[in-house]
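A quick write-up on the structure given underneath.
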Amino acid sequence: NAGVTQTPKFQVLKTGQSMTLQCAQDMNHEYMSWYRQDPGMGLRLIHYSVGAGITDQGEVPNGYNVSRSTTEDFPLRLLSAAPSQTSVYFCASSYGGGRETQYFGPGTRLLVL
Amino acid sequence: KNEVEQSPQNLTAQEGEFITINCSYSVGISALHWLQQHPGGGIVSLFMLSSGKKKHGRLIATINIQEKHSSLHITASHPRDSAVYICAAPGSTQGGSEKLVFGKGTKLTVNP
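Line by line, the protein sequences are chains A and B.
So that you can map any letter, position 38 of the first sequence is 38 in our numbering, and since no number is skipped, the others follow by simple counting.
So that you can map any letter, position 33 of the second sequence is 33 in our numbering, and since no number is skipped, the others follow by simple counting.
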């Protein structure tokens, strides 16, 4: 099993550009989520999904879109990048959300100039 | 909303020392997570516990549900234990158990 994979590992964007961060898991997990990690702050939930076709907002959803067309994939789209979106992004999956063991991807480091 | 607090923020120890990292939360929960993040690395789940104690190698996690408090202990610490340790708990007890709230982490440095 590859577990949770994320691409790219590192990306530089200019303000206003759009991009998609990819996340995939091969463990047949229903629950997937996107977090951002900033210095001095805990991981913050951007969006999450409890199954294919179902997504919901987390704590900091503005500027981001998600979709879940398959169980395996959960891409995160930045619509118009801003310097405030400079961060490290982690995708995670689990069988049943907060009451189950969490599996994290390796992270994507994003720099918005 | 659950508030998760960790202490200390930073911890420096000598190899071989016994380490304790604390986590407290404000809302009653069904499970608490301890995670490890090495410098520049990904995040790995160490423990998920809902009561009592769990042990894995030199790591021990305990939880006191009544006091809303959990501790992570490392026995005979080693430089390879140097990492950020993160505590996380479900966001609320009313339908929010899918969402985790994370502490800010404890940065542990173990010197040889």
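Built from N, CA and C at the ideal position, the CB exists for glycine as well.
- Within chain B, the residues whose beta carbon sits less than 9 angstroms from that of residue 102/A are 33, 35, 43, 45, 48, 88, 100, listed in sequence order.
- When 7 angstroms is used as the limit between beta carbons, residue 30/B is near these residues of chain A: 99, in chain order.
- If the five residues before and after residue 14/B are omitted, its C-beta is found closer than 7 angstroms to the C-beta atoms of 111, all from its own chain and listed in chain order.
- For residue 55/B, the closest Cβ of chain A is not nearer than 9 angstroms.
- Taking the Cβ atoms as the reference, residue 97/A lies roughly 5 angstroms from residue 31/A, within the contact range of under 8 angstroms.
- Residue contact with chain B for residue 106/A: present (Cβ-Cβ distance below 9 angstroms to some residue of chain B).
- Here DSSP, grouped into helix, strand and coil, assigns residue 90/B to strand.
- Between residue 79/A and residue 13/A, the beta carbon gap of about 12 angstroms keeps them out of contact (Cβ cut-off 8 angstroms).
- In the structure shown, residue 77/B falls within a coil segment according to DSSP collapsed to helix, strand and coil.
- Within 8 angstroms of the CB of residue 104/B, the CB atoms of chain A belong to 40, 41, 42, in sequence order along the chain.
- If the five residues before and after residue 17/B are omitted, its C-beta is found closer than 7 angstroms to the C-beta atoms of 77, all from its own chain and listed in chain order.
- Sorting 37/B, 38/B, 22/B, 47/B by C-alpha distance to the C-alpha of residue 31/B places 47/B at the top.
- For residue 50/B, the number of other beta carbons within 10 angstroms of its own is below 16, and it is reported as exposed.
- Residues of the same chain with a CB within less than 7 angstroms of the CB of residue 86/A, apart from the 5 flanking positions on each side, are 110, 111, 112 in chain order.
- For residue 90/A, the residues of chain B that pass the 7 angstroms Cβ criterion are 43, in the order they occur in the chain.
- At a Cβ-Cβ threshold of 9 angstroms, residue 37/A and residue 107/A count as neighbours.
- Rounded to whole angstroms, the gap between the alpha carbons of residue 54/A and residue 75/B is 43 angstroms.
- For residue 108/A, the enclosing beta strand (DSSP E) covers residues 108-112.
- At a cut-off of 3 residues, the continuous stretches assigned as beta strand (DSSP E) that sit fully inside the stretch 56-89 of chain A are 64-66, 76-78.
- Under the Cβ criterion of 9 angstroms, residue 80/A is not counted among the residues facing chain B.
- In the three-state scheme derived from DSSP, where H, G and I count as helix and E and B as strand, residue 99/A is classed as helix.
- In the structure shown, residue 29/A falls within a coil segment according to DSSP collapsed to helix, strand and coil.
- In terms of Cα proximity to residue 7/B, the closest of 87/B, 28/B, 41/B, 62/B is 87/B.
- Of the other Cβ atoms in all chains shown, fewer than 16 fall within 10 Å of the Cβ of residue 15/A; this residue is therefore exposed.
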